[in-house]
Amino acid sequence: MHEKCGVVGVSLTDREAARPLYYSLYALQHRGQESAGIVTHDGFQQHEHVEMGLVGDAFDPDDLDTLNGANGIGHVRYPTAGGVNTCCAQPFSVSFKSGSLGLAHNGNLVNAEEVREELAELGHAFTSNGDTEVIAHDLARNLLEEDLVRAVKSTMSRIHGSYSLTIMHDETVLGVRDPQGNRPLCIGELEDGYVIASESAAIDTLDGELIRDVKPGELVVLHPNGSGYDTYQLVDESRTAHCFFEHVYFARPDSVIDEELVYEVRRDLGRTLWEESGVETDVVMPVPDSGRSFASGYAEAAAEDGADTEFAEGLMKNRYVGRTFIMPTQDERERAVRLKLNPIKSTIEGRTVTLIDDSIVRGTTSTQLIELLRDAGAEEIHVRIGSPEIIAPCYLGIDMASRDELIAADKTTEEIRDEIGADSLSYLSIEGVTNALGKDHDDLCLGCVTGEYPYDVEGEQTDRDVSRPIIDNASSADD
Ligand code: AMP
60 MHEKCGVVGV
70 SLTDREAARP
80 LYYSLYALQH
90 RGQESAGIVT
100 HDGFQQHEHV
110 EMGLVGDAFD
120 PDDLDTLNGA
130 NGIGHVRYPT
140 AGGVNTCCAQ
150 PFSVSFKSGS
160 LGLAHNGNLV
170 NAEEVREELA
180 ELGHAFTSNG
190 DTEVIAHDLA
200 RNLLEEDLVR
210 AVKSTMSRIH
220 GSYSLTIMHD
230 ETVLGVRDPQ
240 GNRPLCIGEL
250 EDGYVIASES
260 AAIDTLDGEL
270 IRDVKPGELV
280 VLHPNGSGYD
290 TYQLVDESRT
300 AHCFFEHVYF
310 ARPDSVIDEE
320 LVYEVRRDLG
330 RTLWEESGVE
340 TDVVMPVPDS
350 GRSFASGYAE
360 AAAEDGADTE
370 FAEGLMKNRY
380 VGRTFIMPTQ
390 DERERAVRLK
400 LNPIKSTIEG
410 RTVTLIDDSI
420 VRGTTSTQLI
430 ELLRDAGAEE
440 IHVRIGSPEI
450 IAPCYLGIDM
460 ASRDELIAAD
470 KTTEEIRDEI
480 GADSLSYLSI
490 EGVTNALGKD
500 HDDLCLGCVT
510 GEYPYDVEGE
520 QTDRDVSRPI
530 IDNASSADD
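Quick note on the numbering used here: the sequence shown kicks off at 60 and runs consecutively.
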């Protein structure tokens, strides 16, 4: 199960939470288009509405009117490899002896099966094969014996993998980020309350102020009346494992993640790309929208070096076509690229072109675009990519294709250049990425470009001293 999702939670003083949650989910729509859901609590009972589809389709005004209460959480979910999957739409909610729980999860546990098996033996009945339900059941079990903070800590000691969670326990909203902080999560202040969200762009949408990132291993508890929040550093790891791909592709450029504005990071990656493998062509052209910030940094650095090159849009995007990845077959993916992008012949014909994108995954997009540009009369096409070769899958929450689908898994850069039909091809180096991000190699998750992961993934190498918890002995954590 590969889920890349968006989560949010709000607590307000004297206002229904449903609409702010709905607007936040709109702001996080890029993180998931398969389903959307909101769970609120009005002080007496929990209300939920979870639907397949985009946020705008999943809710109508009547649905929002039934979601009573000033506290709530929300979720948008990305399609899984297997396609549409109603059982895993979120937030996941459950009622149990000591109250109600709602859970929204971004990330992916790598030991969910072990925890699930143990809980199943204890009599827990599961309705889905998702890892979020495993977290909910584990937490519900701990809440029978422990207070909220201890219960969360116990669950954190048993689950291994990436998770940024918003949780609703009765009317209390919580935010939790895994001890290595793989997925983003931040906290913001509103005029009349507080918000926890995957990305700061959601806080901006509510006219709020970003306070800070939730720290890796930290629990944030919002006061149910919107008056404040408490934080608890429940687990301390010496190193972080922030996903570099959030900065490269996944997050919105206008979000601040781990104290960096994503747009500026992408421009720096573009500048580094010029320094590492710049080539002077008549025109520098982004693949919209993913390559835009990279291309603007690249073109700026080229101009500073005196290169005689023009920055221009040569491909126009049909904004009503969704992301190519949601097409399940290769044939559909190829058609989708044609539907999505159309060349502007006058900027291309008879000219040498540098085409800039953030990443190559299967190679479908680049192959199709190079063919389009050649048909439009490009003389030379040089492809520059703002991230290193993706050689291994992501197990931590980004839907990235399996090894046998990844074009760089078993090919040299020269072989890839040949296959996609470019005149030259260069990727950014791993060092170029870490420098542009201003982070140490050991504080990032670079699993998809190194094949070594900062989590204990079965059958894969680790890049640090890390191992999954032993489940049988770890039913409760120390204080
Ligand atoms: P591909 O055509 O398979 O090589 O995919 C590369 C294109 O997909 C690039 O334009 C990226 O911006 C975009 N992309 C990269 N990673 C993902 C992802 N996990 N999901 C959807 N699109 C992606």
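No residue lacks a Cβ here, since even glycine has one placed at the ideal position from N, Cα and C. All figures in this text were calculated on a predicted structure; none of them were measured in a lab.
message: Measuring straight from C-alpha to C-alpha, what distance separates leucine 455 and tyrosine 514?
response: Here residue 455 refers to the residue found at position 396 of the sequence shown. Here residue 514 refers to the residue found at position 455 of the sequence shown. Going from the Cα of leucine 455 to the Cα of tyrosine 514 covers about 9 angstroms.
- prompt: Since cysteine 507 is in the alpha helix (DSSP H), which residue starts that stretch and which ends it?
  reply: Sequence index remark: in the sequence shown, residue 507 carries index 448 (1-based). Secondary structure note for cysteine 507: its alpha helix (DSSP H) is the uninterrupted segment 506-509.
Cα-Cα separation, valine 211 to threonine 225: Position 152 of the sequence shown, counting from 1, holds the residue named residue 211. Position 166 of the sequence shown, counting from 1, holds the residue named residue 225. Approximately 12 angstroms between the Cα atoms of the pair.
- request: Count the C-beta pairs between the stretch 305-312 and the stretch 281-289 that are closer than 8 angstroms, then say yes if the count reaches three, no if not.
  value: Contact between the stretch 305-312 and the stretch 281-289 is absent, with fewer than three C-beta pairs closer than 8 angstroms.
message: According to DSSP, proline 402 sits in a beta bridge with which residue or residues?
response: To locate residue 402, count along the sequence shown from 1; it is residue 343. DSSP, once it has assigned bridges, lists Leu374 as partnering proline 402.
task: From the DSSP output, read off the bridge partner residues of histidine 100.
output: The sequence position of residue 100 within the sequence shown is 41, counting from 1. Per the DSSP secondary-structure output, histidine 100 pairs in a beta bridge with Gln105 and Asn130.
- request: Would you mind listing the beta strand (DSSP E) stretches within the stretch 146-172 that are 3+ residues and don't spill past its ends, in chain order?
  value: With a minimum length of 3 residues, the continuous beta strand (DSSP E) runs that stay inside the stretch 146-172 are 151-155 and 158-168.
query: Just checking my contact of asparagine 170 with histidine 219 at CB under 8 angstroms: how many whole Å lie between their CB atoms?
result: What you label residue 170 is simply residue 111 of the sequence shown in a count that begins at 1. What you label residue 219 is simply residue 160 of the sequence shown in a count that begins at 1. The Cβ separation is near 4 angstroms, so the contact holds.
- prompt: To which residues of the same chain is alanine 460 closer than 8 angstroms at the C-beta, ignoring the five residues directly before and after it?
  reply: Taking the first residue of the sequence shown as 1, we reach residue 460 at position 401. Excluding residues up to 5 positions away in sequence, Val420, Arg421 and Pro452 lie with their Cβ nearer than 8 angstroms to the Cβ of alanine 460 in the same chain.
- prompt: In chain order, what residues of the same chain lie with their CB nearer than 6 angstroms to the CB of alanine 195, ignoring the 5 residues before and after it?
  reply: For the purposes of this step, residue 195 is taken as residue 136 along the sequence shown, with counting starting at 1. Around alanine 195, the same chain offers Phe151, Val153, Leu160 and Leu162 as residues with beta carbons nearer than 6 angstroms, after the five sequence neighbours per side are excluded.
CB-CB length for phenylalanine 353 against arginine 325, believed under 8 angstroms: Here residue 353 is taken as the residue at index 294 of the sequence shown, counted from 1. Here residue 325 is taken as the residue at index 266 of the sequence shown, counted from 1. Yes, they are in contact, since the Cβ atoms of phenylalanine 353 and arginine 325 sit about 5 angstroms apart, within 8 angstroms.
field: Nearest-angstrom Cα separation, counted from serine 221 out to aspartate 41
entry: Outside the shown range of the chain, which is 60 to 538, sits residue 41, and nothing can be said about it.
message: For the alpha helix (DSSP H) containing serine 425, name the first residue and the last one.
response: On the sequence shown, residue 425 is found 366 positions in, with the first residue counted as 1. Residues 423-434.
- request: Run the CB neighbour count on phenylalanine 118, radius 10 Å, all protein chains shown included, and call it buried at 16 or more, exposed below.
  value: Here residue 118 corresponds to residue number 59 of the sequence shown, with the count starting at 1. Looking at its Cβ environment, which holds 16 or more other Cβ atoms inside 10 Å, phenylalanine 118 is buried.
field: Cβ neighbours of serine 259 in the same chain (closer than 6 angstroms, five flanking residues each side left out)
entry: Looking up residue 259 in the sequence shown gives position 200. Only Cys245, Leu269, Ser314 and Val315 meet the Cβ criterion.
- request: Tell me whether glutamate 248 sits in a helix, a strand or coil according to DSSP, three-state version.
  value: Position 189 of the sequence shown, counted from the start, is the residue given in the question as residue 248. In the three-state reduction of the DSSP assignment, glutamate 248 falls in the strand class, which pools E and B.
- prompt: beta strand (DSSP E) containing arginine 74: first to last residue?
  reply: Reading the sequence shown from its first residue, position 15 is the one you call residue 74. Arginine 74: not part of any beta strand (DSSP E); DSSP gives it neither H nor E.
- prompt: Does the ligand AMP have a heavy atom nearer than 6 angstroms to the CB of arginine 421?
  reply: The residue given as residue 421 occupies position 362 in the sequence shown. Arginine 421: yes, Cβ under 6 angstroms from the ligand AMP.
message: Here's the rule: buried if 16 or more other CB atoms are within 10 angstroms of the residue's CB, otherwise exposed. What is aspartate 272?
response: Counting from one through the sequence shown, the residue named residue 272 turns up at place 213. Looking at its Cβ environment, which holds 16 or more other Cβ atoms inside 10 Å, aspartate 272 is buried.
- prompt: By the 10 Å Cβ neighbour count, where 16 or more other Cβ atoms means buried, how is alanine 95 classified, buried or exposed?
  reply: Taking the first residue of the sequence shown as position 1, residue 95 is located at position 36. Buried is the call here.
Beta-carbon proximity of alanine 76 to asparagine 130, cut-off 7 angstroms: Here residue 76 corresponds to residue number 17 of the sequence shown, with the count starting at 1. Here residue 130 corresponds to residue number 71 of the sequence shown, with the count starting at 1. Result yes, Cβ atoms of alanine 76 and asparagine 130 sit closer than 7 angstroms.
message: Give me the residue from Leu207, Gly373, Cys507 and Glu519 with the minimum Cα distance to histidine 228.
response: Walking along the sequence shown from the start, residue 228 turns up at place 169. When each option's Cα is compared against that of histidine 228, the closest is Leu207.
- request: Using only alpha-carbon positions, find the residue among Glu296, Gly480, Cys147 and Val66 that is nearest to glutamate 438.
  value: Here residue 438 corresponds to residue number 379 of the sequence shown, with the count starting at 1. Out of Glu296, Gly480, Cys147 and Val66, Gly480 has the C-alpha closest to the C-alpha of glutamate 438.
task: Less than 8 angstroms between the CB atoms is what I'm expecting for isoleucine 403 and glutamate 372, so what's the real figure, rounded?
output: Position 344 of the sequence shown, counted from the first residue, corresponds to residue 403. Position 313 of the sequence shown, counted from the first residue, corresponds to residue 372. Correct: roughly 7 angstroms between the Cβ atoms.
field: Classification of arginine 378 by the beta-carbon crowding that lies within 10 angstroms, buried from 16 upward
entry: The residue labelled residue 378 in the question sits at position 319 within the sequence shown. Flag for arginine 378 reads exposed.
- prompt: Is histidine 344 near the ligand AMP, going by C-beta to nearest heavy atom under 6 angstroms?
  reply: For the purposes of this step, residue 344 is taken as the residue at position 285 of the sequence shown. Rather than histidine, the amino acid found at residue 344 in this sequence is methionine. Set against 6 angstroms, the gap from the CB of methionine 344 to the closest heavy atom of the ligand AMP is not smaller.
- prompt: What is the C-beta distance between valine 525 and isoleucine 450, in whole angstroms, given that I count them as a contact (C-beta under 8 angstroms)?
  reply: The count along the sequence shown starts at 1 and reaches residue 525 at position 466. The count along the sequence shown starts at 1 and reaches residue 450 at position 391. For a cut-off of 8 angstroms, the C-beta gap from valine 525 to isoleucine 450 is around 20 angstroms, too long to register as a contact.
- request: Tell me whether the beta-carbon of isoleucine 466 lies closer than 7 angstroms to the beta-carbon of isoleucine 475.
  value: Position 407 of the sequence shown, counted from the first residue, corresponds to residue 466. Position 416 of the sequence shown, counted from the first residue, corresponds to residue 475. Yes, the Cβ-Cβ distance between isoleucine 466 and isoleucine 475 is below 7 angstroms.
message: If you follow the beta strand (DSSP E) that methionine 215 is in, where does it begin and where does it stop?
response: Position 156 of the sequence shown holds residue 215. For methionine 215, there is no enclosing beta strand (DSSP E); the residue is found in the alpha helix (DSSP H) stretching over 207-215.
query: With which residues is glycine 234 paired in a DSSP beta bridge?
result: The count along the sequence shown starts at 1 and reaches residue 234 at position 175. BP columns for glycine 234 point to Thr225 and Val279.
message: I want to see whether chain B comes within less than 7 angstroms of aspartate 390, judged by CB atoms only; does it?
response: The chain labelled as chain B is not found in the depicted structure, where only one protein chain is given.
query: Excluding sequence positions up to five away, which residues of its chain have a Cβ less than 6 angstroms from the Cβ of serine 534?
result: Your numbering for residue 534 matches position 475 in the sequence shown. Confidence at serine 534 is low in this model, with a pLDDT of 45, below 50, so the placement of that residue is unreliable and no value is reported for it.
message: Can you tell me whether methionine 111 sits near the ligand AMP, meaning its C-beta is under 6 angstroms from at least one heavy atom of the ligand?
response: Along the sequence shown, one-based indexing puts residue 111 at 52. Relative to the non-hydrogen atoms of the ligand AMP, the Cβ of methionine 111 never comes closer than 6 angstroms to any of them.
query: Under a Cβ-count criterion, where at least 16 other Cβ atoms within 10 Å of its own Cβ denotes burial, should lysine 376 be classed as buried or exposed?
result: Translated into the one-based positions of the sequence shown, residue 376 becomes position 317. By the 10 Å Cβ count, lysine 376 comes out exposed.
query: Would you say glycine 436 and isoleucine 407 are within 7 angstroms of each other, going by their C-beta atoms?
result: For the purposes of this step, residue 436 is taken as residue 377 along the sequence shown, with counting starting at 1. For the purposes of this step, residue 407 is taken as residue 348 along the sequence shown, with counting starting at 1. The Cβ atoms of glycine 436 and isoleucine 407 sit closer than 7 angstroms to each other.
- prompt: Since glutamate 448 is in the beta strand (DSSP E), which residue starts that stretch and which ends it?
  reply: Indexing the sequence shown from 1 puts residue 448 at position 389. For glutamate 448, there is no enclosing beta strand (DSSP E), as DSSP marks it with neither H nor E.
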